[in-house]
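Under our numbering, the first residue of the sequence shown is numbered 2, with each subsequent residue one higher. Here the structure is laid out as structure tokens; the discussion comes afterwards.
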Amino acid sequence: MLRCARILYAFAGVLALFAAPGAGAEPPTIVDTPYVVDALKRGAIAWDVRSAAAYRQGHIPGAVNIGDAAVVLRDENTEDYIAREDIERILGNAGIDTQRELVVYGAKANPSAYFGLVTLQYFGAREARVYHGGIDDWKDAGHAVATEATKPAPVALKLEPRPELMVETAEVVRKLGDPDVQIVDVRTPREYRGEDIRAIRGGHIPGAVPINYTENWSDPEAQSRPDSPAVAGKQGLDLKSREQLRSLYAKLDPAKETIVYCQSGIRASETATVLRDLGFRNVRVYDSSWLGYGNTLDAPAESVTFFNVGAMTGRMSAMQRRIEALEKELAESKRGK
């Protein structure tokens with residue numbers, strides 16, 4: 002009898018893990034246009050994470066903006082978060098109250114919206130969602146856009162980080178080889194193989210499973226085929242169905258700790274959110290990602306290649322000579338007139 006009870010309990014856990022949202026269930030973190038419409042009626046705050054220029058060209062009415070969130074909230078060299086008190090000030094001045102319902106959006110499928118979501122979650126927001134379709138789906142649904150900036154009342158924020166949602170380089174290194182930890186590399190295949198070097202060295206974290214974040218989309222090649230009719234209408238940027246996403250990540254164990262990384266945490270935020278929505282229990286974003294790991298030279302790595310400083314210097318010198326030659330030609334042309 003006891004054994005039967007255990008089996009039933011385990012089976013119920015599996016069903017709960019993969020059940021689609023239903024009546025009485027928590028709403029998904031990744032939401033669609035009808036959800037956003039209803040959320041705004043409830044008084045939710047919409048956060049547009051795009052640049053100020055893109056925001057001025059047209060945004061969801063009432064949405065707030067701080068500029069390009071992936072730039073404003075990160076150090077330009079390390080691409081890690083700026084000081085917490087600065088984030089409190091920036092978000093607070095924009096009226097982004099982490100105690101309220103929040104909907105984050107940008108351009109369709111742009112991982113910066115997911116970065117905004119993960120940032121809110123990391124700093125304590127419990128009712129934050131991401132609108133994957135973003136401003137593109139909003140317009141396609143026939144909803145109006147605004148061009149005047151929203152000027153909300155500032156709020157005083159005291160953000161409390163949730164370290165269980167993020168992981169740092171030293172901890173990643175300690176967890177290498179741990180059978181209860183799986184690592185997902187969401188970068189391009191060329192980055193994974195060390196052919197596209199974006200730190201002192203290229204390569205990948207040992208044991209990392211490569212699944213490019215664009216594989217979450219109905220057309221993973223959407224960005225490389227802009228002339229395709231499906232891409233022109235941006236349908237190719239839709240998320241795959243839940244069944245397709247489960248199949249994509251079928252080799253991963255939802256019960257294990259899952260560390261997701263890319264170059265600097267932006268693309269990783271999208272995949273991490275997808276995994277959480279699929280029921281993965283312990284998903285953590287490696288914020289420093291390969292930029293931090295690749296520059297930590299004593300951290301073990303595979304498919305290692307190194308940045309060729311000499312070759313780069315040679316190319317820069319050749320470019321400089323070409324610029325000087327063009328400037329000389331332009332000056333002579335002006336004298337000839």
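From the three backbone atoms N, C-alpha and C, an ideal C-beta is built for every residue, glycine too.
Using alpha carbons as the reference points, say which of Leu118, Leu279, Thr148 and Gly295 lies closest to Arg199. Gly295
If you reduce the DSSP assignment to three classes, tell me which class Ile212 lands in. The answer is coil: DSSP assigns Ile212 none of H, G, I, E or B.
Specify the secondary structure class of Ala95 as computed by DSSP and reduced to three states. coil
Euclidean distance between Cα positions of Lys176 and Val182: 7 angstroms
With respect to the alpha helix (DSSP H) encompassing Cys271, which residues constitute its N-terminal and C-terminal limits? Here the sequence assigns Glu to residue 271, which means Cys is not the residue at that position. Per DSSP, Glu271 belongs to the alpha helix (DSSP H) from Ile267 to Asp278.
Please report the straight-line C-alpha distance between Val358 and Val286, rounded to a whole angstrom. The requested residue 358 is not part of the displayed model; the chain covers only 2 to 338.
Applying the criterion that 16 or more other CB atoms from any shown protein chain within 10 Å of the CB defines a buried residue, is Glu330 buried or exposed? exposed
Please report the distance separating the alpha-carbon of Gly280 from that of Gly266. 21 angstroms
For Ala332, which residues does DSSP report across the bridge? Looking at the DSSP assignment, Ala332 forms no beta bridge with any residue, so it has no partner.
Coil, strand or helix - Leu18 by DSSP: With a pLDDT of 39 at Leu18, under the threshold of 50, the modelled position of that residue is not reliable, and the figure given next carries that caveat. DSSP places Leu18 in helix when its eight states are reduced to three.
Extent of the continuous beta strand (DSSP E) to which Trp218 belongs: No beta strand (DSSP E) holds Trp218; DSSP gives it neither H nor E.
At 3 residues or longer, what runs of the beta strand (DSSP E) sit wholly inside the stretch 47-110? 103-106
Between Gly237 and Val305, how many whole angstroms is the CB-CB distance? I'm expecting something under 8 angstroms. Not a contact, Cβ separation roughly 34 angstroms.
CA-CA distance, Glu271 and Met320? Glu271 and Met320 have their C-alpha atoms some 37 angstroms from each other.
Can you check the stretch 231-262 for any alpha helix (DSSP H) of at least 4 residues that lies completely inside it and give the ranges in chain order? 243-249
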